Every structure is written in C-alpha cells, then in structure tokens.
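Presented below is the structure to which this report refers.
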Amino acid sequence: MQPHRHATFGTLVAGALLLLLAACATTPSGPGPASEARAERLLRQGNLVEAARMYEELATNNPPPARDGFALSAARAWLDADRPDDAQRALGIASVQLPDQQRFERELLAIEIAAARGQYRLAFQQASQLAEPPRREDAIRLFYLRQQVALRAGEAGAAVQAGIARERAAVDENGRMRARRDLLTDLRAAIDRGLRIDPAASRDALERGWLEIAQVASTAGRSPLSARAMVDRWRQRFPGHPAATIVDSEILDPAARGGDGGAALGRVTGPVALLLPLSNPAYAA
Numbered sequence: 161m162q163p164h165r166h167a168t169f170g171t172l173v174a175g176a177l178l179l180l181l182a183a184c185a186t187t188p189s190g191p192g193p194a195s196e197a198r199a200e201r202l203l204r205q206g207n208l209v210e211a212a213r214m215y216e217e218l219a220t221n222n223p224p225p226a227r228d229g230f231a232l233s234a235a236r237a238w239l240d241a242d243r244p245d246d247a248q249r250a251l252g253i254a255s256v257q258l259p260d261q262q263r264f265e266r267e268l269l270a271i272e273i274a275a276a277r278g279q280y281r282l283a284f285q286q287a288s289q290l291a292e293p294p295r296r297e298d299a300i301r302l303f304y305l306r307q308q309v310a311l312r313a314g315e316a317g318a319a320v321q322a323g324i325a326r327e328r329a330a331v332d333e334n335g336r337m338r339a340r341r342d343l344l345t346d347l348r349a350a351i352d353r354g355l356r357i358d359p360a361a362s363r364d365a366l367e368r369g370w371l372e373i374a375q376v377a378s379t380a381g382r383s384p385l386s387a388r389a390m391v392d393r394w395r396q397r398f399p400g401h402p403a404a405t406i407v408d409s410e411i412l413d414p415a416a417r418g419g420d421g422g423a424a425l426g427r428v429t430g431p432v433a434l435l436l437p438l439s440n441p442a443y444a445a
C-alpha cells in the first residue's frame with residue numbers, strides 16, 4: 161500500500177505542475193504588442209510610464225486621426241508621471257492641424273508642460289492668451305488652470321479674475337461653491353508660500369475682497385484666536401461678497417466642513433492644480 165500512496169502523491173504533484181505550466185502559457189508575461197486596450201489597462205494600474213510609452217508607440221505607428229489622439233494621451237500620461245520633457249516630445253507627434261477639441265487639449269497640455277518645467281511666466285502668458293472655449297466644461301478647466309499658473313507667476317489679481325470667471329461659468333450652486341473654495345484655498349496657499357500681495361492696489365472691489373480674505377485666512381492659520389474679529393471686519397468692508405458664503409467653513413470652523421472643502425489638487429484632466437517648486441521673485445525669499 162505504501163508504494164501505491166507514493167505513486168498517487170507523485171501523480172497529484174505532476175498534475176499540479178502541468179496545470180501551472182498551462183496557466184503560464186496562456187498568461188502573457190512580456191510587454192506584448194502595443195494596443196489601446198493595454199495602454200488603458202496600464203493607466204488603470206497606475207503604471208504611467210509604461211502607459212505613456214505604449215501610447216507614444218501607437219502614435220508613432222498610426223496615421224491621423226488615430227495618431228493625434230494617441231499623441232495627446234501619451235503627453236498626458238508622461239505629464240502625470242512628472243516627465244514634462246517626454247510629454248513635450250509626445251505632444252510634438254500630433255498633427256499641426258487638429259479638430260477644435262483636440263487643439264484645445266493640446267494647448268492645455270502645453271501650458272501644463274511649461275509650468276511643470278518651472279516656466280511659470282510662459283505658462284501664464286499661454287493661459288492668458290487662450291480664448292475661452294464654447295463648451296462650458298472646457299471653459300471651467302481653462303479658468304482653473306489659468307488661476308493656478310497665475311499664482312505661480314506671481315499674478316494674484318489675474319488668479320482672482322480667473323477664479324471669478326470659473327464661478328460664473330459654473331452650472332449650479334455646488335459648482336460655484338467649489339470655485340470659491342478652490343480660489344480661497346489657492347490664494348491662501350500662495351500667501352503661505354510667500355507670495356506678496358497688495359489688495360489696496362486693486363481697483364476692483366470684488367477682486368480686492370478676495371485678496372483681503374485670503375490674507376485673513378493665512379493670518380488666521382497662524383493666529384486662530386484672532387480669526388473671528390478679522391472676519392467680522394472683513395464682512396463690514398465687503399458686504400455681500402461671494403466669499404462670505406465660505407468664510408465660516410473655510411476659516412472659522414474648517415472641521416465642520418468635513419471632507420468637502422477645497423478641491424483636491426491635481427492636473428486639469430479633472431479639477432487640477434500644479435504642485436510645483438517655486439522660483440519666482442514675487443515670492444519672498
């Protein structure tokens with residue numbers, strides 16, 4: 161009986177090995193040929209570099225219009241992988257003449273690439289010159305990006321105007337509140353990083369109110385006991401200002417806001433900001 165049991169065990173092991181080998185044979189282990197489905201899967205897996213490489217290979221090996229879509233996808237993936245030089249190369253594969261929507265996407269990517277390279281003034285100029293697109297959702301993306309690169313370029317007034325434009329383009333009250341919170345969050349963060357602003361230099365009361373409340377928010381972060389008195393004085397100076405709808409949740413009692421305050425910072429594929437190093441004379445040393 162003992163030899164029989166030993167043979168049975170050996171048979172089971174051999175069968176398991178055969179099953180394992182069969183599974184390996186049917187499961188691709190190498191990179192395989194480039195395909196849009198594989199690139200998308202790599203993106204979902206968070207493998208941005210390999211996804212970017214695959215999209216770029218697809219762009220190189222396909223004629224327009226497929227080439228152009230793949231080139232834009234490659235540039236986005238390279239940018240999200242924090243490799244702006246590679247993103248610029250991929251962007252250059254796209255055709256000079258593109259449909260309106262793809263041309264808009266290319267221009268947004270070019271702005272983000274410039275900012276990711278630390279070329280904040282160039283990014284701000286490009287964002288300022290880009291015309292408002294007809295689609296509301298695209299306009300909102302442009303205004304948000306313009307707000308962020310303006311702050312990186314030290315142009316606080318232009319950032320406020322972009323934030324105001326984004327709020328006006330919002331489709332509902334939730335969108336307007338999101339735009340207000342993002343603007344205050346971005347202004348406060350810029351001041352905390354050392355951006356020097358002068359609200360009195362603005363002739364626009366709406367803009368001046370935003371700049372002053374951002375200063376209040378920054379000061380309150382360091383001296384919370386003085387926050388309510390500063391906010392009350394600001395309310396008296398700017399009655400009816402749109403920022404009044406968020407000062408309680410953003411400055412006086414941010415804990416009550418929960419997880420719904422200020423947009424998560426990211427790129428303009430969704431709501432996006434640029435987490436980049438500062439090298440601008442508008443910021444204090």
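Residue numbers (the numbering used here): 161 to 445. We put the beta carbon where it would ideally sit given N, CA and C, even for glycine. All of these numbers come straight from a predicted model, not from anything done at the bench.
Terminal residues of the alpha helix (DSSP H) in which residue i lies
| i | result |
| --- | --- |
| P244 | P244 to L251 |
| D228 | A226 to D240 |
| V209 | L208 to N221 |
| F284 | Y280 to Q289 |
| A404 | Here A404 belongs to no alpha helix (DSSP H), and DSSP marks it neither H nor E. |
| I411 | I411 -> no alpha helix (DSSP H), and no H or E assigned at all. |
| E292 | From DSSP, E292 is part of no alpha helix (DSSP H); its letter is neither H nor E. |
| D260 | D260 to A276 |
| T199 | Looking at the sequence itself, residue 199 is Ala, so the reference to Thr does not match. Here the alpha helix (DSSP H) through A199 covers E196 to R204. |
Nearest-angstrom Cβ-Cβ length linking residue i and residue j, presumed shorter than 8 Å
| i | j | result |
| --- | --- | --- |
| L208 | A241 | 4 Å |
| I343 | G317 | A small fix is needed here, since residue 343 is Leu in this sequence, not Ile. Going by Cβ atoms, the distance from L343 to G317 rounds to 12 Å, so no, they are not a contact pair. |
| L239 | E217 | The pair is not a contact, with the Cβ atoms about 17 Å apart (cut-off 8 Å). |
| I406 | R338 | With a Cβ gap of about 10 Å, I406 and R338 do not count as contacting. |
| Q375 | I351 | 6 Å |
| A250 | A211 | A250 to A211, Cβ: 11 Å. No contact. |
| P244 | R277 | 5 Å |
| M214 | R198 | 6 Å |
| L305 | L268 | 6 Å |
| A275 | V309 | 5 Å |
| E410 | A377 | 7 Å |
| I300 | A329 | 5 Å |
| W370 | A403 | 6 Å |
| L366 | R388 | Not a contact, Cβ separation roughly 23 Å. |
| Q262 | L232 | 6 Å |
Residue-level contact to chain C via CB, residue i, 8 Å cutoff
| i | result |
| --- | --- |
| S195 | Looking for chain C here will not work: only one protein chain is present. |
Report task. Kindly provide the ranges of any alpha helix (DSSP H) runs that are 4 or more residues long and lie completely inside the segment 345 to 392, ordered along the chain. Result -> Along the length of the segment 345 to 392, whole alpha helix (DSSP H) runs at least 4 residues long occupy 365 to 382, reported in chain order.
Requested in this report: Could you tell me whether the segment 283 to 290 touches the segment 303 to 315, using the rule of 3 or more Cβ pairs below 8 Å?
Outcome: The segment 283 to 290 is in contact with the segment 303 to 315.
Query raised in the report: Which residue spans inside the segment 294 to 325 form an unbroken alpha helix (DSSP H) run of at least 4?
Result: Complete alpha helix (DSSP H) runs here, min 4: 296 to 312.
Query raised in the report: Between the segment 224 to 234 and the segment 248 to 265, are three or more C-beta pairs nearer than 8 Å?
Result: Enough Cβ pairs lie closer than 8 Å, so yes.
Query raised in the report: Is the segment 355 to 363 in contact with the segment 378 to 390, if contact means three or more CB pairs nearer than 8 Å?
Result: Cβ pair count under 8 Å is below three, so no.
Query raised in the report: Is the segment 325 to 332 in contact with the segment 291 to 310, if contact means three or more CB pairs nearer than 8 Å?
Result: Contact between the segment 325 to 332 and the segment 291 to 310 is present: 3 or more CB-CB pairs across the two stretches fall below 8 Å.
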